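First the structure, in the form of structure tokens, and then the observations on it.
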Amino acid sequence: MTKRELKYPSGYDAKSQSTISLFAAQLDDQLLLLKESVAKLTVPQLEWQPQRGMNTIGMLLAHLAVVEVFWINVASKEIPSEPDGDEIELKIIGIRMDDDGLPIPPDGLHPATLSGKSVEEYFTMLDKARAAIHEEMQTWRDSELEGTFTRKRGDKEIQITRSWTLYHLVEHFAGHFGQILLLKHMMRSAGVLETQAKD
Numbered sequence: 001m002t003k004r005e006l007k008y009p010s011g012y013d014a015k016s017q018s019t020i021s022l023f024a025a026q027l028d029d030q031l032l033l034l035k036e037s038v039a040k041l042t043v044p045q046l047e048w049q050p051q052r053g054m055n056t057i058g059m060l061l062a063h064l065a066v067v068e069v070f071w072i073n074v075a076s077k078e079i080p081s082e083p084d085g086d087e088i089e090l091k092i093i094g095i096r097m098d099d100d101g102l103p104i105p106p107d108g109l110h111p112a113t114l115s116g117k118s119v120e121e122y123f124t125m126l127d128k129a130r131a132a133i134h135e136e137m138q139t140w141r142d143s144e145l146e147g148t149f150t151r152k153r154g155d156k157e158i159q160i161t162r163s164w165t166l167y168h169l170v171e172h173f174a175g176h177f178g179q180i181l182l183l184k185h186m187m188r189s190a191g192v193l194e195t196q197a198k199d
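Take 1 as the starting number for the sequence shown in the numbering used here and just add one per residue.
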């Protein structure tokens with residue numbers, strides 16, 4: 001009989017961080033599935049576009065790393081995106097926030113900042129981002145999840161709870177994972193990727 005279960009990451013307290021650790025487990029499971037899905041992709045496949053102005057799989061992998069560090073290590077601490085947030089991103093994952101190439105302009109190509117990167121290099125970025133957010137999330141407590149931090153968007157200030165932040169990381173990751181799987185289907189249709197029984 002097959003058993004479906006989430007593996008909880010170490011470093012979280014079962015009593016004071018049960019909710020946080022559940023989100024952490026979901027994120028880790030999604031990352032594991034994502035890696036399995038893209039592990040065999042070549043550099044040309046990671047940089048392939050159905051047409052100009054559309055995201056590549058490589059861009060999306062980098063974007064996932066950028067966004068995790070942004071929300072947990074930058075935004076939740078009310079650190080300005082520039083220049084401080086960019087420096088944090090650079091220190092942790094090796095690229096700045098805009099280096100993922102998103103949002104891509106209508107006629108945009110795979111960004112030069114990611115040119116030639118292998119899947120192993122993207123995995124390193126994702127692993128470093130994940131290690132950094134685990135370290136920070138392990139300082140949070142469930143009792144503090146409805147506490148807020150403030151982000152500015154133009155002239156507006158937005159109050160954001162830590163619980164929403166954790167939810168957003170999961171739904172953001174899952175959404176782009178789906179986009180990556182769709183790109184793989186498009187690659188097969190275009191003859192760029194060999195047809196497989198399943199992802």
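Ideal Cβ positions, reconstructed from N, Cα and C, are used throughout, including at glycine.
If you're wondering where the values come from, they're calculated on a predicted model, not measured in any experiment.
### Query
Hey, Asp-99 and Pro-83: beta-carbon distance below 8 Å or not?
no
### Query
Where does Met-1 land, buried or exposed, given buried means 16+ other C-beta within 10 angstroms?
exposed
### Query
For Lys-128, which three-state DSSP category applies?
helix
### Query
Which ranges would you report for the alpha helix (DSSP H) in the region 142 to 192 if only whole runs of at least 4 residues count?
162 to 189
### Message
In whole angstroms, give me the CA-to-CA distance for Ser-10 and Ala-75.
### Response
24 Å
### Task
Count the other CB atoms, across all protein chains shown, that sit within 10 Å of the CB of His-168; report buried if there are 16 or more and exposed otherwise.
exposed
#### Entry: Ranges of the alpha helix (DSSP H) found wholly within the region 4 to 59, counting only runs of at least 4
18 to 38, 43 to 46
### Query
How would you call Thr-165, buried or exposed, if buried means at least 16 neighbouring beta carbons within 10 angstroms?
buried
### Thr-56 beta carbon less than 8 Å from that of Glu-47
yes
### Query
Going by beta carbon distance, what residues of the same chain come within less than 7 Å of Phe-123, once the five residues before and after it are set aside?
Lys-35
### Query
What residue range is occupied by the uninterrupted alpha helix (DSSP H) comprising Glu-87?
86 to 93
#### Entry: Cutoff 8 Å; reference Gly-147; Cβ partners in own chain excluding five residues on either side
Thr-161, Arg-162
#### Entry: Leu-31 versus Trp-140, Ala-65, Pro-103, Gly-191, residue with shortest Cα-Cα distance
Ala-65
### Message
Measuring straight from C-alpha to C-alpha, what distance separates Tyr-8 and Asp-107?
### Response
42 Å
### Query
Helix, strand or coil: which one does DSSP assign to Lys-117?
coil
### Beta-carbon contacts of Lys-24 that lie in its chain and below 7 Å, excluding the five residues immediately before and after
According to the sequence displayed, residue 24 carries Ala and not Lys. Here the set comprises Pro-9, Tyr-12, His-134, Met-137.
### Query
Between the C-alpha atoms of Pro-50 and Leu-181, what's the straight-line distance to the nearest angstrom?
13 Å
### Query
Thinking just about the alpha-carbon of each residue, which of Gly-178, Val-192, His-172 is nearest to the one in Phe-70?
His-172
### Task
Using three-state DSSP, classify Trp-71 as helix, strand or coil.
helix
### Query
Would the beta-carbon of Thr-150 fall within 8 Å of that of Glu-87?
no
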